[in-house]
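In UniProt numbering, the protein residues as written are 1 to 616.
Yeah, the Cβ is synthetic: ideal placement off N, Cα and C, and Gly gets one too.
Fair warning: this is a prediction, and the values are worked out from it, not measured in the lab.
Scroll down for the structure; my scribbles are underneath it.
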């Protein structure tokens with residue numbers, strides 16, 4: 001396989017090797033439970049546990065004896081496989097420790113009393129790795145006498161320790177103590193801060209170079225193109241891209257998962273997806289393609305007069321289903337759509353219809369009304385409060401929902417009402433396909449379809465700061481579309497100062513047209529039909545005369561400024577409410593039939609309701 005990335009020791013290891021002759025103690029913190037990419041030979045890189053990689057680095061530096069202490073097992077020698085542990089076991093005996101079956105049981109008391117003898121021990125250099133050192137303290141700000149004694153002794157010894165020349169080259173060595181912790185702050189501040197004899201070394205998460213170095217070794221165990229070096233190189237690059245942000249431990253687990261499930265190298269992305277979202281089945285693969293091909297007609301029944309929007313949305317859905325152009329670089333969402341336009345024109349209805357189309361249930365979409373997230377700390381409600389704050393253990397509404405339903409349509413309604421701080425979270429979702437919850441869990445959006453809706457661009461502020469119409473119903477759609485997009489661009493660049501978010505959305509801004517009179521007529525007819533058909537479930541039959549239908553049409557279509565929602569409101573006021581009132585007053589019974597002959601308007605609309613063949 002072609003090697004475009006030469007192996008390079010992790011930065012923490014280079015830092016450690018550089019300072020071993022200068023510092024007597026080290027605190028290694030951060031990603032200390034992950035695997036480390038380690039070079040066994042110039043051509044072979046393999047994953048090793050952190051302590052093993054640390055052991056190899058110390059051996060390379062010239063340490064002859066390496067001892068590991070942890071609160072559970074006490075002291076034990078650490079030697080390469082096949083080497084004789086006896087010399088290091090004898091050294092433990094020299095320290096006054098009782099070696100039983102190759103190790104020394106003991107807790108924090110024994111560690112404290114052993115430190116001084118270790119630091120002053122003559123002869124070949126010794127390194128003591130104190131693993132899980134965070135567990136040595138219950139409360140950092142309120143140490144027990146035993147805990148205080150341990151770190152006081154360690155502090156004093158860090159200054160008393162003296163390097164001495166050892167080996168043929170007479171290099172300077174301390175008998176070094178290495179504290180391995182999850183967070184540097186787990187140890188007392190007075191032990192670490194401003195101590196020139198202790199070197200804190202952060203252990204970072206693996207970068208692209210480390211993941212690229214390890215990828216061939218992990219993929220080698222899977223069936224794949226053994227002869228095609230170019231294809232192998234591409235597969236390795238894809239594996240690195242798809243595991244952006246993951247640990248080497250995660251990459252190793254993905255390779256194991258692929259081996260167990262018989263996944264080939266070419267299909268490693270399937271194992272990555274299953275590892276991230278935790279679901280074996282892929283609902284996107286189960287979507288009936290014929291249903292998508294014929295979706296235009298289905299959607300037009302529910303979203304009237306927005307043919308361009310429906311066509312654009314279906315193109316995005318087809319991309320999501322086929323996977324073309326999606327999810328590779330860092331696992332971006334299947335699709336991202338920004339639906340803009342006047343109120344009541346079908347933006348939310350389109351989102352519901354798309355969900356029904358994809359997953360068979362329109363209630364399966366996850367909706368967030370962004371007017372509820374206008375406060376400064378609204379991001380904590382979405383992703384969860386950070387440690388130490390109320391609600392930390394509950395998690396965030398968004399991150400919890402995606403963990404439960406990774407295959408979903410996520411609707412952020414009226415995005416312009418969200419606090420600007422949330423825009424950074426949206427940028428992270430679109431760009432990386434991942435959010436980190438307040439609890440530190442990584443939540444993946446790679447299988448979600450993200451939909452934003454907004455009324456941006458319908459109004460704008462004039463030179464005096466007054467809110468005025470930016471587009472009008474009498475303007476042609478081309479003008480409406482141009483002006484709305486221009487105002488959206490101005491808002492993201494000048495008001496939110498987030499042009500990068502708009503760039504990520506790209507050409508997927510879909511502008512809805514106003515409800516024009518001909519479309520309003522279709523919406524009205526369908527709403528009336530649905531209302532009267534709904535009565536059949538109650539075993540009632542109600543029809544309308546042409547006179548009544550004409551009068552109702554005049555009332556419902558007089559003002560189209562609120563779109564389909566306005567038509568529905570008028571229909572409720574002039575048909576649904578008075579019809580309910582009339583049927584209640586005459587005590588209508590199942591099986592009855594009625595006709596609405598006219599509408600009488602006044603303070604409230606009254607219906608002229610008769611049974612066929614009689615008068616009311």
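Nearest neighbour of residue i, chosen from the options [CA to CA]
i, options, result
"residue 258", "520, 221, 227 and 331", "221"
"residue 225", "218, 21 and 235", "235"
"residue 442", "228, 456, 384 and 53", "384"
"residue 101", "110, 90 and 111", "90"
"residue 437", "403, 286 and 498", "403"
"residue 535", "188, 395, 592 and 64", "592"
"residue 541", "589, 513 and 154", "589"
"residue 150", "107, 176 and 164", "107"
"residue 203", "142, 374 and 183", "183"
"residue 301", "369, 339, 529 and 60", "529"
"residue 495", "418, 549, 413 and 579", "418"
"residue 518", "553, 171, 28 and 132", "553"
"residue 283", "483, 249 and 447", "447"
"residue 424", "573, 117, 501 and 276", "501"
"residue 123", "272, 62, 457 and 445", "62"
"residue 579", "127, 548 and 353", "548"
"residue 41", "217, 13, 110 and 71", "217"
"residue 83", "65, 228, 9 and 74", "65"
Simplified DSSP state of residue i, which is helix, strand or coil
i, result
"residue 329", "Because residue 329 carries a pLDDT of 46, less than 50, the predicted location of this residue cannot be relied on, and the following value inherits that uncertainty. In this structure, residue 329 counts as coil in the three-state DSSP scheme."
"residue 573", "helix"
"residue 65", "strand"
"residue 380", "helix"
"residue 306", "coil"
"residue 261", "coil"
"residue 452", "strand"
"residue 51", "helix"
"residue 123", "coil"
"residue 583", "helix"
"residue 397", "helix"
"residue 194", "coil"
"residue 369", "strand"
"residue 98", "coil"
"residue 313", "helix"
"residue 564", "helix"
"residue 137", "coil"
"residue 338", "strand"
"residue 243", "coil"
"residue 254", "helix"
"residue 79", "coil"
"residue 128", "strand"
Chain-order list of residues whose beta-carbon lies under 7 Å from that of residue i (same chain, five-residue window excluded)
i, result
"residue 16", "26, 57 and 201"
"residue 520", "557, 560 and 567"
"residue 93", "99"
Per DSSP, cross-strand counterpart(s) of residue i
i, result
"residue 409", "449"
"residue 29", "181 and 202"
"residue 166", "171"
"residue 70", "74"
"residue 444", "434"
"residue 375", "Paired residues: none, contrary to the question."
"residue 469", "459"
Cutoff 6 Å; reference residue i; Cβ partners in own chain excluding five residues on either side
i, result
"residue 158", "24, 25, 197 and 198"
"residue 615", "Per-residue confidence for residue 615 stands at a pLDDT of 49, beneath the threshold of 50, marking its modelled position as unreliable; the derived number appears in the next sentence. Contacts found: none."
"residue 3", "Its pLDDT being 46, under 50, residue 3 is placed unreliably in this model, and the coordinates cannot settle the point."
"residue 147", "137"
"residue 514", "342 and 473"
"residue 346", "303 and 306"
"residue 130", "69 and 179"
The alpha helix (DSSP H) enclosing residue i, as first and last residue numbers
i, result
"residue 483", "477 to 490"
"residue 275", "268 to 277"
"residue 283", "283 to 286"
"residue 531", "517 to 534"
"residue 552", "546 to 556"
"residue 17", "11 to 19"
"residue 219", "208 to 219"
"residue 509", "Note, residue 509: premise wrong, no alpha helix (DSSP H); beta strand (DSSP E) at 509 to 511."
Own chain partners of residue i with C-beta closer than 8 Å, once the 5 adjacent residues on each side are dropped
i, result
"residue 562", "343, 344 and 569"
"residue 143", "137, 151 and 188"
"residue 165", "171, 172 and 173"
Start-to-end residues for the beta strand (DSSP E) that takes in residue i
i, result
"residue 606", "606 to 610"
"residue 39", "35 to 41"
"residue 598", "593 to 600"
"residue 343", "Element bounds for residue 343: n/a, residue is neither H nor E."
Closer than 6 Å: residue i CB and nearest the ligand HEM heavy atom
i, result
"residue 220", "Among the components of this structure there are no ligands whatsoever, and the ligand HEM is therefore not found."
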